[in-house]
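Q: Before I ask anything, here is the structure I am working with.
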Amino acid sequence: MFMEERQVNVSDTDNKTYQPKIAAFLCNWCSYAGADLAGVSRFQYPATIRTIRVPCSGRINPLYLLKAMANGADGVLVSGCHPGDCHYISGNYVARRKFALIKSLLKHVGLEEDRVSFSWVSAAEGVRFSEVVKGVTERVAALGPNNGVFKVKDGGGTDE
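Numbered per the working numbering, the sequence shown finishes at 609, counting up by one with no gaps.
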């Protein structure tokens with residue numbers, strides 16, 4: 450999993466080869482299948498994401514996003530079924546409400562809003578998935594490494 454502690458080497462970020470690390474929480478039924486289709490169909494996208502498959506985007510705890518960023522992710526992508534197509538009836542509607550709150554939470558803790566992206570990708574949209582990953586990577590790369598307001602200590606807690 451992506452939740453291990455990582456340190457950013459400043460010398461790596463000074464040169465032109467910097468590639469952000471993006472934690473991608475993907476819905477099992479649609480977005481993960483869309484990522485699989487992109488891979489099987491050989492659609493090109495940057496290798497900057499670390500995929501975390503979740504049953505439903507509506508079940509993602511907002512603290513998971515902050516924890517990923519505290520553990521070294523430069524950005525986070527959350528992707529689920531299109532509204533109205535959720536396999537759990539209303540999970541993506543719940544996710545949509547959470548996403549609005551997460552954006553204001555990020556601003557409150559001092560992180561750029563563009564570090565977290567939300568998208569809807571169905572199982573048949575491999576091309577769209579690759580485009581989403583390219584867009585997220587470009588936005589996060591433009592922001593540079595995450596020097597956030599908190600980092601994980603050796604004991605697993607956060608230093609606020």
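Where is the CB? At the ideal position from N, CA and C, for every residue including glycine.
Who are the Cβ neighbours of ALA473 in its own chain at under 6 angstroms, not counting the five residues just before and after it?
A: ILE498, THR500, LEU526
Q: I need the straight-line Cα distance from GLU453 to MET518, nearest angstrom please.
A: Residue confidence for GLU453 is low, a pLDDT of 48 falling below 50, so the modelled location carries little weight; the figure read from the coordinates is stated next. Cα-Cα distance, rounded: 11 angstroms.
Q: Pairing CB atoms from the segment 570-578 with CB atoms from the segment 550-558, are three or more of them under 8 angstroms?
A: no
Q: Within 10 angstroms of its Cβ, does SER579 collect 16 or more other Cβ (buried), or is it exposed?
A: buried
Q: Can you give me the Cβ contacts of THR586 inside the same chain, cut-off strictly under 6 angstroms, excluding the 5 residues immediately before and after it?
A: PRO495, THR497
Q: Would you list the residues sitting across from ASP499 in a DSSP beta bridge?
A: Reading the sequence as shown, one finds Arg at residue 499 and not Asp. Answer is ALA472, bridged to ARG499.
Q: Figure out for me which residue from GLY524, SER506, ASN510 has the closest Cα to the Cα of ASN596.
A: Nearest C-alpha to ASN596: GLY524.
Q: Rounded to the nearest angstrom, what separates LYS547 and THR466 at their Cα positions?
A: 34 angstroms
Q: Suppose contacts are defined by Cβ-Cβ distances below 9 angstroms. Is SER480 in contact with GLY529 by that definition?
A: yes
Q: Tell me the start and end of each unbroken beta strand (DSSP E) in the segment 478-543 that is at least 3 residues and wholly inside, in chain order.
A: Fully enclosed beta strand (DSSP E) runs of no fewer than 3 residues occupy 498-503, 524-529 of the segment 478-543, in order along the chain.
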